[in-house]
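This report refers to the structure that appears directly beneath it.
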Amino acid sequence: MPTIKDIAARAGVSPTTVSNVLHNKYQRVSPETVVRIRETIARMGYVPNMSARALASSSSRIVGVVNHLVPLESGGFFQDPFHSVLLSGIEQTLRQYGYFLMARTIDSAEELHSLLTNWNIDGLIITGIFPRDLYQSLRRQEKPFVLIDSYIDDDHSIQIRLEDRQGGYIATRHLLQKGHRSILFCCPKMEEDGVIRERYLGYTQALEEFGVPVRPENICESSFTIEDGIALGRRLSQRDDFTAIFATADILAAELSTGLQLSGRRVPQDVSIVGFDDTNQSRINCPPLTTVHQDVVGRGALAVELLINAMEKNEYAPPRIFPVSLTERDSVRDLNP
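Be aware that the sequence shown starts at 7, since it is given in the working numbering, and climbs by one per residue.
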């Protein structure tokens with residue numbers, strides 16, 4: 007097994023220079039030297055001893071990605087298409103910076119405390135809504151963190167958000183422009199100050215602009231499981247008082263579409279559906295879904311970059327808000343004459 011000294015001798019540099027490159031410290035190393043050292047490392051098959059590096063530097067090079075939104079009984083966020091894409095953006099970028107990923111679903115402040123106590127994590131990326139007790143536990147620990155899809159009112163946290171309200175608005179407006187007037191809003195459990203609430207406010211804004219009343223019976227909640235989403239679609243197939251659905255995630259839109267069509271209701275001939283996220287699920291659904299597009303991979307990548315700036319440079323950025331747009335496919339019928 008080659009050592010740092012072997013790499014240094016082959017590349018014609020000092021062991022300190024090799025160590026600096028391994029730790030991504032390029033301030034005193036020319037780009038050409040970095041390339042030469044990286045190529046030498048690859049040719050010689052050198053694998054750094056991460057345990058030794060962690061002990062020497064007190065840094066583990068591990069970033070924890072914590073999910074509290076999708077519960078364990080629903081498979082956690084590994085089975086959720088949106089979070090799978092988000093994790094790919096996070097992991098790819100961490101790899102570029104020489105960091106490693108630890109992913110975990112937690113249910114309580116106690117689990118968060120246990121994670122931080124038992125693992126030497128350099129920083130955290132947290133997805134989803136964070137109740138106050140969990141967030142206060144997070145604030146008490148000293149590790150830098152980034153919140154994704156949270157509406158915590160705190161200037162001390164780094165946050166990456168989406169134009170959630172605008173997304174709900176353009177999805178609903180699209181259906182209204184296509185002649186639909188009875189539109190269901192289908193979502194997971196709606197929490198105050200969360201992304202679903204913001205998308206709901208966009209939904210109601212569009213209805214109000216078109217003079218359509220907001221009806222409580224048109225707000226339909228489902229759990230995160232595929233079975234429950236399909237079951238909701240089956241139940242909705244028994245109703246004849248709506249022509250369209252805005253679902254707050256592509257996976258839910260696909261589940262509803264399946265449940266409706268298994269019960270004899272056609273999409274979009276009988277029911278039009280608009281999803282949210284523009285994941286692969288929207289393209290392989292039958293029919294392909296019209297959906298609200300967002301750059302999920304880009305959000306994951308930015309979360310890593312902002313976290314590394316906080317960890318390595320003590321730089322904290324204000325909230326970043328990603329734009330949305332509508333991607334039209336085949337799941338919406340035009341009712342206009």
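Virtual Cβ for every residue (Gly too), placed ideally from N, Cα, C.
Asked                                                                                                                   : Found
Contact set for Ala17: own chain, Cβ-Cβ below 6 Å, skip 5 residues either direction                                     : Arg42, Ile43, Thr46
Buried/exposed call for Gln275, threshold 16 Cβ in 10 Å                                                                 : exposed
DSSP state of Glu227 mapped onto helix, strand, coil                                                                    : strand
Test item: CB-CB of Ser228 and Asp128 under 7 Å                                                                         : no
Residues of its chain near Leu100, where Cβ-Cβ distance is below 8 Å and the 5 sequence neighbours each way are ignored : Val69, Phe106, Leu107, Val310
Identity of the residue in Phe328, Ala323, Leu332, Asn315 nearest Phe252 by Cα                                          : Leu332
Residue nearest to Ser243 in terms of C-alpha spacing, selected from Ile225, Gly270, Phe230                             : Gly270
Outcome for Cys192 when other beta-carbon atoms lying within 10 angstroms are tallied against a minimum of 16           : buried
Proximal residues to Ile232 (C-beta, below 7 Å), its chain only, five neighbours per side dropped                       : Glu261
Helix, strand or coil at Thr111 according to DSSP, with G and I counted as helix                                        : strand
Separation of Leu168 from Ile327, as counted between CA atoms                                                           : 5 Å
is_contact[Thr9, chain D] using C-beta, thresh 7 Å                                                                      : Absence of chain D from the displayed structure is noted, only one protein chain being present.
Sequence-distant residues of its chain with Cβ nearer than 6 Å to Asp234 (five each side left out)                      : Ser228
Entirely enclosed alpha helix (DSSP H) segments - the stretch 119-179, minimum 4 residues                               : 138-146
Contact the stretch 312-323 vs the stretch 279-288: 3+ CB pairs below 8 Å                                               : no
Residue closest to Asp160, alpha-carbon to alpha-carbon, out of Arg138, Arg171, Ile10                                   : Arg138
Where Arg335 sits in the DSSP three-state scheme                                                                        : coil
Every unbroken alpha helix (DSSP H) inside the stretch 285-321 [4 residues or more]                                     : 286-290, 302-319
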